[in-house]
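This report concerns only the one structure given below.
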Amino acid sequence: MIVGKLYARGVLRVALVGLALFATLRMLEGTARAQFGFGLRGSAVGGVAIDPTGTVRTASVEERTGWLNQLRQAVREPDGALAKQSSLRMVSLTGLQQEIARAMQEDRPLSPEVLYLAGLQRIEYLFVYPDAHDIVVAGPAEPWVIRQDGSVVGQQSGRPVLQLEDLITALRTVPAARQHPISVSIEPTPEGQQRLTQLLSTVRTGPGFDPARLEAAMREAFGPQLVKLSTVDPTTRMAAALVAADYEMKRLAMNLEPAPVPGLPSYME
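Residue numbering for the sequence shown follows our numbering, starting at 266 and increasing by one per position.
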């Protein structure tokens, strides 16, 4: 993989962007999915589990511990230049493609620096090198660490690092997203909404009120809810992350999880 400071040469031709990206993606997709093993069913993101039946729930302590141990055994800590924070790190898509080809030829797993895109936090710049048939993505980067919930995040910021599978999914989703926006929602059935309204009408809130005590009753009143996901392939890690994020937001809104921001109110208050 090429990680370093690169300078543009020659005339930039926009058409090459699409050609190079899709040439790269054709090779990356099968390998990345095979190694990650993520899908909307039977997956976990940020402590939220999606079991083989497609049911979304909070992962148990035993599940979190098992996933965390497996991940920490499989993912080594960054070293060398990747162990340092960078305001601008550049990653070559051609370099990625070459490294993945070598991994396939040698029948070995992809390295963490490939899977986590050298610790990139976000993509701020795109450089096109027509003469070299290469595209370089660039942005701030940090050494990665594994959080207690199994999330791979930046050591300094605590923000999730970019992942190869998500980059592939995002790029492949661009044409469809231009026609139909990406969306996710977890919606109660009309019957479940009616039962929850009836339950909450009997609850008196005030000082010392703990909504978590109502969790079991609220869960029973709601019953199974419907997960609606549009545009993104539901078998990808990106889809699982979107669903997990919406699930966590619902729990924060209902004050079933402590808010990470002081003073953030819930609609139960």
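Backbone N, C-alpha and C fix where the C-beta goes; we use that ideal spot for every residue, glycine too. If you're wondering where the values come from, they're calculated on a predicted model, not measured in any experiment.
- When DSSP states are grouped into helix, strand and coil, R367 belongs to the helix group.
- Taking the Cα of L375 as reference, the smallest distance to any Cα among S466, A383, I365, R502 is reached at I365.
- Shown here, R322 sits in a strand according to DSSP, grouped into three states.
- Burial check for R437: the Cβ neighbour count within 10 Å reaches 16 or more, so the residue is buried.
- The Cβ atoms of L491 and P446 do not sit closer than 9 Å to each other.
- Secondary-structure assignment with DSSP links M355 through a beta bridge to A403.
- Sequence-distant partners of I388 (beyond 5 residues in either direction) whose C-beta falls short of 6 Å from its own C-beta, in its chain, are V402, G404.
- For secondary structure counted as the beta strand (DSSP E) over 3 or more consecutive residues, the segment 406-434 holds these complete runs in sequence order: 409-411, 417-419.
- For A441, same chain residues with a beta-carbon under 8 Å away, outside a window of 5 residues either side, are T496 in chain order.
- Cα atoms of S351 and L385: separation of roughly 9 Å, rounded to the nearest angstrom.
- The C-alpha of A509 lies about 30 Å from the C-alpha of T467.
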